[in-house]
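Take a look at the structure below.
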Amino acid sequence: MSDMSYRKLGRLTDTHPETVRRYMQGQAPSTTFLINLCKAFGISADWLLTGRGAMRCSDIRMNALRLANPSELLNALAASFADQTERLARLEQISTDLDGVRAESNTVREHKPETRPKAIRLGLNTNEPVVAKQAESIAIESHTVADSTDESDCVSRIRTALSKRSA
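Just so we're on the same page, this note's numbering is the position in the sequence shown counted from 1, plus 412.
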């Protein structure tokens, strides 16, 4: 960094060049400056602050593995496998549940009457989401209850029900 200008270092660390100059001449730097400096140069904050450990962030993992006890590594590996096994079991359960819901949804769709065309045919404004949802639920109710009645009776019951719900 000795050949780098204060301005360039300021750009890299998002710090004003005059502030960088003060830091380089001995004033205590801010935490933000140190964090940005570490990010800009890939330097370990532990190494920068304490002088211990790997200098480069890319070397931290290798340094930790080199210093670790083999039994600690095996325990960490076993814990990782246990976590992955639990996650896999949860994902399999979710997948099974979704398959069941999908099959149930397909069954309901096969038996569900066509409500949109009927709602449009009845003169309901299905472009409005609330009315469309109400029309759908009312049409389903009226379809199951009033299959044998004529269409004008259905229309009047649906309009009456809609007016009651919106009131």
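Glycine included, each C-beta is placed from N, C-alpha and C at the ideal position. Just so it is clear, the structure is predicted and the values come from calculations on it, not from any experiment.
Contact belief for Gly465 with Ile472 at Cβ below 8 Å, rounded distance in angstroms: 7 Å
The region 441-451 touching the region 424-432, judged by at least three CB pairs closer than 8 Å: yes
Rounded straight-line distance, which links the Cα of Phe453 to that of Tyr418: 15 Å
Length-filtered (4 minimum) alpha helix (DSSP H) runs lying within the region 419-481: 429-436, 443-453, 457-462, 472-479
Integer Cβ distance of Pro441 from Tyr435, believed to fall under 8 Å: 4 Å
Close beta carbons around Met461, own chain, < 8 Å, minus the five adjacent residues each side: Looking at the sequence shown, residue 461 is not Met but Leu. Excluding sequence neighbours, Leu461 sits near Leu446.
Residues near Val432 by beta carbon distance below 6 Å, same chain, minus five either side: Tyr418, Leu421, Gly422
Backbone CA spacing between Leu500 and Ser483 [nearest angstrom]: 26 Å
Which listed residue (Asn475, Gln437, Ala457) has its alpha carbon closest to that of Thr444: Ala457
Outcome for Ile506 when other beta-carbon atoms lying within 10 angstroms are tallied against a minimum of 16: exposed
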